[in-house]
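Per full-length UniProt numbering, the sequence shown starts with residue 1, numbered consecutively.
Cβ coordinates follow ideal geometry from the N, Cα and C atoms, glycine included.
To keep things clear, I will list the structure first and then write my remarks on it.
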Amino acid sequence: MSWAWFHRLGSPKSFFFWSKRWARPAFLSGLIILIVGLVWGLAFAPPDYQQGDSFRIIYIHVPAAMLAQTCYFALGVAGIVSLVWQMKIAPMFIRAVAPIGAVMAFISLVTGAIWGKTAWGTWWVWDARLTSVLVLFFLYMGIIALQNALEETALADKATAVISVVGLINLPIIKYSVVWWNTLHQGATFTLTEKPAMPVEMWLPLLIAVIGFYCMVMGLALWRMQTIILLREHRTQWVKQEVTDHGV
Numbered sequence: 001m002s003w004a005w006f007h008r009l010g011s012p013k014s015f016f017f018w019s020k021r022w023a024r025p026a027f028l029s030g031l032i033i034l035i036v037g038l039v040w041g042l043a044f045a046p047p048d049y050q051q052g053d054s055f056r057i058i059y060i061h062v063p064a065a066m067l068a069q070t071c072y073f074a075l076g077v078a079g080i081v082s083l084v085w086q087m088k089i090a091p092m093f094i095r096a097v098a099p100i101g102a103v104m105a106f107i108s109l110v111t112g113a114i115w116g117k118t119a120w121g122t123w124w125v126w127d128a129r130l131t132s133v134l135v136l137f138f139l140y141m142g143i144i145a146l147q148n149a150l151e152e153t154a155l156a157d158k159a160t161a162v163i164s165v166v167g168l169i170n171l172p173i174i175k176y177s178v179v180w181w182n183t184l185h186q187g188a189t190f191t192l193t194e195k196p197a198m199p200v201e202m203w204l205p206l207l208i209a210v211i212g213f214y215c216m217v218m219g220l221a222l223w224r225m226q227t228i229i230l231l232r233e234h235r236t237q238w239v240k241q242e243v244t245d246h247g248v
């Protein structure tokens, strides 16, 4: 198996031009898909037999929660790549994706609190799932704070890579917290081994919204990567040529 593509994308220049090709299509297609999923879920899906219309916040909460975890997993992988193979693109990826993941974690916490108020009668409980997601948000904020606090780029990159890798231990805690402990939070909405408990007219728009969220976040991440690459590689000839040709 050839790993040439992997090393090619590890080059800031190659990744920049690859991302220019895919950022806009990913974002725009994601936006369209997300609108379809949200309109279907918020306006046309039937109400839940127990929670009524209040359950509809699931169409924002679940995609945000999934993305918060996926983004952090990606940070952890990038951290390993940065520490082991020292590929220049990896710390740039961490810097680009950490704020997006933090926003997703924040949306997950806020929508979860709103949903919890209607379902449990309280905005917050120190439930294992909620607490572990809060820890995830603090991990994101810690990474962002270190990136801004440390003036030496190499030191900031190494520190954030280490935190990204160490923080991976929180992901299985988030996933299995509803199994390991007696929690108020429900189990996973989607699994690879079981059919969703919701009727198809409720889970299908949710799946569409999840796909839309993922595509949009991919587009945003690629745009952020382009900006960071240009800033870090501004002394290279290819960046100077790109700025001259396109005014970026």
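Could you pull out every residue in the same chain whose Cβ sits closer than 8 Å to the Cβ of residue 24, ignoring the five residues on either side in sequence? Walking along the sequence shown from the start, residue 24 turns up at place 24. Excluding positions up to five away in sequence, the list reads 219.
For residue 31 and residue 214, believed in contact at Cβ under 8 Å, the rounded distance: On the sequence shown, position 214 is the one that residue 214 refers to. On the sequence shown, position 31 is the one that residue 31 refers to. With a Cβ gap of about 12 Å, residue 214 and residue 31 do not count as contacting.
Separation of residue 8 from residue 15, as counted between CA atoms: Working through the sequence shown from its first residue, we reach residue 15 at position 15. Working through the sequence shown from its first residue, we reach residue 8 at position 8. Cα-Cα distance, rounded: 8 Å.
Between the alpha carbons of residue 154 and residue 170, how many angstroms are there, rounded? Position 154 of the sequence shown, counted from the first residue, corresponds to residue 154. Position 170 of the sequence shown, counted from the first residue, corresponds to residue 170. Cα to Cα, the separation comes out at about 26 Å.
Taking C-beta to C-beta, are residue 94 and residue 75 nearer than 8 Å? For the purposes of this step, residue 94 is taken as residue 94 along the sequence shown, with counting starting at 1. For the purposes of this step, residue 75 is taken as residue 75 along the sequence shown, with counting starting at 1. Against a cut-off of 8 Å, the Cβ pair of residue 75 and residue 94 comes out as a contact.
Three-pair Cβ contact test at 8 Å for the segment 111–130 versus the segment 150–169: no
Okay, do the segment 77–92 and the segment 31–43 touch, 3+ Cβ pairs below 8 Å being the bar? no
Same chain only: Cβ atoms within 6 Å of residue 223, ignoring 5 sequence neighbours per side: Walking along the sequence shown from the start, residue 223 turns up at place 223. The answer, listed in chain order, is 23.
Per DSSP, cross-strand counterpart(s) of residue 48: On the sequence shown, residue 48 is found 48 positions in, with the first residue counted as 1. Paired residues: 52.
Can you check whether the CB of residue 137 is closer than 8 Å to the CB of residue 96? Working through the sequence shown from its first residue, we reach residue 96 at position 96. Working through the sequence shown from its first residue, we reach residue 137 at position 137. The answer is no: Cβ separation not under 8 Å.
Mapping the DSSP letters down to three states, classify residue 181 as helix, strand or coil. Within the sequence shown, the letter at position 181 stands for residue 181. DSSP places residue 181 in coil when its eight states are reduced to three.
Determine the closest residue to residue 77 out of 18, 13, 127, 168, with distance taken between C-alpha atoms. Start at 1 with the first residue of the sequence shown, and residue 77 comes out as number 77. Looking at the Cα atoms, 168 is the closest of the given residues.
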